[in-house]
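Chains A and B are the protein sequences, given in the same order. To get the numbering used here, take the position in the first sequence, counting from 1, and add 144. To get the numbering used here, take the position in the second sequence, counting from 1, and add 219. Comments concern the structure below.
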Amino acid sequence: MKVEKANFNLQSMPVHNVLSSGTQVKKSVTPASFTGRYTSADIYQELMHYMPGGVKLMMKAKEWTGEVQNIVINSVGTGLIAPIFIKYNPLSKTDEDTRTYSAWRQPVSALLAILTQVGATIPFNNKVKSLTHQGKLGQDYNMTPFMDIKYLKKLVKKQHPDFTPAQINERALQMQNEQFEEVLKDLRTKNTVMYIEDGKPNKVEMNPKRYNETLLKTIKSLIKEETAEKNKNDSTKRAFRIRRSEYYRTHAEKANAHLDSLLELFECGDIEKVKKSLAKKISKMKSRKEDKELILFTEEIFKLGNKSNDNKTINSMREKVDRAKGYVRDYGAMTSKEQVIERVNRSIDGRVTDIDKEIKFFEKVKQAIIDNKTVHEIEDMFNAEKLNNARLQEKPVIFAEHVARQLKQQTKSCIDGYKQVGGIFVSLATLFISCPLLNWVYPRFMAAVFPNLSNGKHVKDTTSLILQASNPAEFQKKAEVKS
Amino acid sequence: MIKISSITNATKPYIQRFNKLCEKPYKALADFKIGKHRPMDIVNDNYIAENTKFITGLGVASIVLKDGVGCYMYVTQSLNNKEIPEDKRKFVAALDLANGGLMILLQLLMFFTISNKKVQEKMFNALFGKHFDRSASKGYQAMLKNNDLLKDMKGSDFHPVLNQARKDVKAAFENVTSLFAASVVAKRVFVPFIATPLADKTKAWMSRNDKPVEVSKETQNTYNTQKAGIDHKDVKSENKADQTKLNLLDKFKSSIQK
């Protein structure tokens, strides 16, 4: 990847905090930009740390989505699976030699496909990355306000060859944070995003139409998020809470005894022992076919500490059981299902009303964006609404951050699309090399490795044998010359 | 003596010009227009909307397109490849042709089946559902709160992130399973099963006007080129008889070995 020199104003380093995943995140930040609290990116990163291997593998696959992944999956099938089904195909009446001969074409073809197609696609992708970081492919693909950490590291390395890897890492992180803060500042003060275009030092404003579309997409995604939360509360959560609360009402004594037994397990204070006891308890309950609701609850408690080795987790477990004991007491005192439903509905409806209020406010913001209100004005709207909106009170006003993240994400998506389409052209072009190459390599490979299946070596053998039989004197002569 | 720096300085403008030239096709793809419309806008919109079916479809389309071009090239080249024994040449070409046609057809069929929303939802829930259900969500939330930075994290901040993670994993899963189903299962398991017997028929069709080809004795071939699809055992026994009668070279070889 080609890295162009850029002039960044490097100031003092911000304070960093380390997540479990080992990644540094910003802790203290300027009030003008960040809020000083965690971001959704921090939650995402930390969440991935606790996810199982399969999920992590899928996330890696998502990162690799593109032409290279397509070529590799395709080649795995070609090289490892296809030969088996060609060679051992009971339906084919063709002789085994010919099938073996044809089967070997597949791994040779797969290897050549990887060498030529991946070999051409990777440099293509690197060039795309370099061009997008210099703003040479248009604003849809312009990453100059959100430079990638790897690109920044190379940039720092080029500017400071004397830096240690740790220094390079620190400086690159600092540059990335400063870039992001600059984007936020531009959004709030200039109501635009500034781009470096064609590697020139003078920055240009974002296309107003694109800018407006980005603001709209941002608010639409916030509306979508809240609507999903509302639907979840309205359907899944309501049904679940009615079911469990009704169980507590009808089986109060049994539930209470079970919760007490769980509290006893926590007394040892050792998370490992608690986890073992819970696992044992769950399997015992399952084999005895005990009440499903109690098994589910115990599993929820177990999952609280599933990946944790921290004894503090026992407190979270205990809090959950204590809360459940409270519910058992409340619902156990009720006399009918109608009462349970009414109580659950009251609680859920309150939350749904709050979400509805928030969605209505977001719709107002959407209209304000259509009316060309600036980001600064929109954030003022948020601040004013906060006084009367319970859900908004919980959250800091970070509309500009939402816009910046939305723009970064959509630029990345456009680049992914560009790489995929470009990758198709690149790998199609390499076919004109890989096909003739396969036709050249394959018979030679077969002649060298499987002479019995090929003419090549036998032609040499037989010629020499014929010579030896028909003209022993000349054969002897040739043999002497060779030796 | 010429200094290296002077060479570098002299070549610099040419390298810059060459770089500019290399950038042209990249810019052309980004700016390419049909009338007033940019085809890349369609790609951009679908990628921004995270339309998994479109993204996976583009991947499968890429493989299918390459198979189409590859099939044409392999068939024509195999037919003219003198390095492949003549008696096997048509079978190899026929196998390429049968493979190519079936590959395209089955890959598309498999893609539309596997990428179906209902099929995907069922497969995803069976394999990954438990990692995103209610109890798992509560568990993750509790674990995340052990971190000092996230100790005050609210459910309303956590749930959208978990939903996004689920969406990301599901998109990757859909992409990988669709590609795997199309390019591994359909193309490499089903196709060879059907294509190899189909190649017998294709080869017979391609050879319908040919004169019988003499079988190369040295390749120890057991394939009857005069009659495609003949029973395997019969051919083997025929060739054994041929060998005892005709292969004088073998006799000579064994006599000199003695």
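All residues carry an ideal CB built from backbone N, CA and C; glycine is no exception.
Which of the three DSSP states is assigned to residue 349 of chain A in this structure?
strand
Residues that residue 407 of chain B contacts on chain C, provided the C-beta gap is smaller than 7 Å:
The displayed structure is made up of protein chains A and B, and chain C is not among them.
Since I believe residue 300 of chain B is in contact with residue 596 of chain A (beta carbons under 8 Å), could you give me their beta-carbon distance rounded to a whole number of angstroms?
Not really, about 19 Å apart at Cβ, beyond 8 Å.
Do you know offhand how far residue 454 of chain B's Cα is from residue 417 of chain B's?
Since pLDDT at residue 454 of chain B reaches only 42, below the 50 mark, its modelled position is unreliable, and no value is offered.
Between the Cα of residue 559 of chain A and those of B:226, B:267, B:224, spot the shortest distance and give me the residue it belongs to.
B:267
Give the range of the alpha helix (DSSP H) segment to which residue 287 of chain A is assigned.
Run containing residue 287 of chain A: none; DSSP gives neither H nor E here.
How long is the line joining the alpha carbons of residue 499 of chain A and residue 437 of chain A, rounded to whole angstroms?
29 Å
Counting only the same chain and skipping the five closest in sequence on each side, list residues whose C-beta sits under 8 Å from that of residue 589 of chain A.
248, 252
Taking 9 Å as the threshold (beta carbon to beta carbon), is residue 413 of chain A in contact with chain B?
no
What residue range is occupied by the uninterrupted alpha helix (DSSP H) comprising residue 339 of chain A?
Careful: residue 339 of chain A lies outside any alpha helix (DSSP H), inside the beta strand (DSSP E) at 338-340.
Residue 217 of chain A and residue 284 of chain B look like a contact to me (Cβ under 8 Å); what is the Cβ gap, rounded to whole Å?
Not quite, the Cβ-Cβ distance comes to about 16 Å (not below 8 Å), so this is no contact.
Under DSSP, the alpha helix (DSSP H) around residue 484 of chain A begins and ends at which residues?
481-514
Nearest candidate by alpha-carbon position, reference residue 344 of chain A, set A:298, A:284, A:279:
A:279
Considering only residues of the region 370-454 of chain A, which uninterrupted alpha helix (DSSP H) runs meet the minimum length of 4 residues and lie entirely inside it, listed in chain order?
382-394, 396-410, 415-431, 436-448
Could you name the residues of chain A that residue 292 of chain B contacts, counting a contact when the two beta carbons are closer than 7 Å?
575, 579
What does residue 551 of chain B touch in chain A if you count any residue whose Cβ is under 7 Å from its own?
Outside the modelled stretch of chain B, which goes from 220 to 477, sits residue 551 of chain B, for which no answer is possible.
Interfacial residues, the region 384-395 of chain A to chain B, with Cβ spacing under 8 Å
384
At a CB-CB cut-off below 8 Å, which residues of chain B make contact with residue 542 of chain A?
Neighbours of residue 542 of chain A on chain B: none; closest Cβ ~11 Å, over 8 Å.
Start-to-end residues for the alpha helix (DSSP H) that takes in residue 313 of chain A
309-333
Hey, is residue 378 of chain B's beta-carbon within less than 9 Å of any beta-carbon in chain A?
yes
Identify whether residue 277 of chain A lies in helix, strand or coil by the three-state DSSP scheme.
helix
Same chain only: Cβ atoms within 6 Å of residue 226 of chain A, ignoring 5 sequence neighbours per side:
250
CA nearest to the CA of residue 391 of chain B, picked from B:403, B:339, B:352, B:426
B:339
Spell out whether any CB of chain B is found under 9 Å from the CB atom of residue 443 of chain A.
yes
Residue 450 of chain A CB to nearest chain B CB: under 9 Å?
yes
Among A:370, A:243, A:466, A:361, whose alpha-carbon lies nearest the alpha-carbon of residue 402 of chain A?
A:466
Return the chain-ordered list of same chain residues with a C-beta closer than 7 Å to the C-beta of residue 258 of chain B, the five sequence neighbours on each side being excluded.
251
How is residue 520 of chain A classed by DSSP in three states: helix, strand or coil?
helix
Just verifying my parser: in three-state terms, what is the DSSP assignment at residue 580 of chain A?
helix
Report the residue ranges of all alpha helix (DSSP H) runs contained in full by the region 272-357 of chain B; include only those spanning at least 4 residues, in chain order.
305-333, 336-347
Residue 427 of chain A burial status per 10 Å Cβ neighbour count (16 or more: buried)
exposed
Let me know if residue 593 of chain A comes out buried or exposed under the rule of 16 or more other beta-carbons within 10 Å of its beta-carbon.
exposed
Interface positions of the region 305-329 of chain A facing chain B (Cβ-Cβ less than 9 Å), listed along the chain
none
In the DSSP assignment, what are the bridge partners of residue 256 of chain B?
B:253
is_contact[residue 233 of chain B, chain A] using C-beta, thresh 9 Å
no
Among A:206, A:215, A:197, whose alpha-carbon lies nearest the alpha-carbon of residue 575 of chain A?
A:215
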